[in-house]
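Numbering (my numbering), first residue to last: 2 to 253. Remarks on the structure that follows.
Quick look at the structure:
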């Protein structure tokens, strides 16, 4: 009987001890101070605290109480314990810089810097012909030489024209006069930009004249040919014999 009484007494003591421990574990959760969320209206910063009175006198602060998860909820027990223990310490527990988070999550904006090509002030001159002059057609050609300062930029080009017809690209060319009619003509040089706009131009007047000596020689040959065709066959034979004799005498 004594053994049974001891055993019953020990079991009763263990139950009382277990109940005491369980009660002590639940007390911090049921007696935890409420937690407040403080939002700074200017910066957006969020602070969690158990001392809202320290923020009530500050302007631009939005204070609201938040719910605390109790030990009955298994998933939130860790959060409730953390909040309760932090509240007991009497200090602010969480500071969340919202503005910084938004800055990190904001998509980066790519800035493209366009390279603007500065316009160049060119000096363009026609070195040849340097002044107005005449060219004999068809034996003479019009030689054109262009000078430019500073050097051409990438994308720009020099074009040479006779009247309104482009005849060459570059700083020099030679224009044949065989197909150029006698009279006054304009030799023009211009600098064309990358977009096709004319940046600078210069022009000079030249004259093309018919070569009178050549024309006279042609007329003389034509007259001689016509006279030979009008001869009789006997006269043609006699003319050929006389020309042969002259050639033989000159060869001796």
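For each residue, glycine too, the CB sits at the ideal point set by N, CA and C. Since we're looking at a predicted model, the values are computed, not measured.
Between the alpha carbons of residue 207 and residue 141 lies a gap of roughly 12 Å. Of all alpha-carbon atoms in 60, 65, 181 and 58, the one lying nearest the alpha-carbon of residue 50 is that of 65. Restricted to the stretch 183-238, the beta strand (DSSP E) segments that are unbroken, complete and at least 3 residues in length are 184-193 and 199-211, listed in chain order. Membership of residue 54 in any beta strand (DSSP E) is not indicated; the residue belongs instead to the alpha helix (DSSP H) covering 54-57. Sorting 132, 35 and 209 by C-alpha distance to the C-alpha of residue 177 places 209 at the top. Pairing residue 197 with residue 223, the inter-Cα distance amounts to about 51 Å. By the 16-neighbour rule on beta-carbons within 10 angstroms, residue 228 is exposed. Taking 3 residues as the shortest admissible run, the stretch 111-155 contains the following complete beta strand (DSSP E) segments, listed from N- to C-terminal end: 124-129, 135-138 and 142-150.
Note on geometry: alpha-carbon atoms of residue 234 and residue 219 lie some 25 Å from one another.
Beta-bridge partners of residue 50 (DSSP): 37. For residue 249, the secondary structure class from DSSP, reduced to helix, strand or coil, is helix. Its Cα nearest to that of residue 150, the residue 172 stands out among 211, 172, 60 and 226. By the criterion of at least three beta-carbon pairs nearer than 8 Å, the stretch 235-250 is not in contact with the stretch 151-159. Distance check between residue 204 and each of 122, 169 and 133 places 133 closest, using alpha-carbon atoms only.
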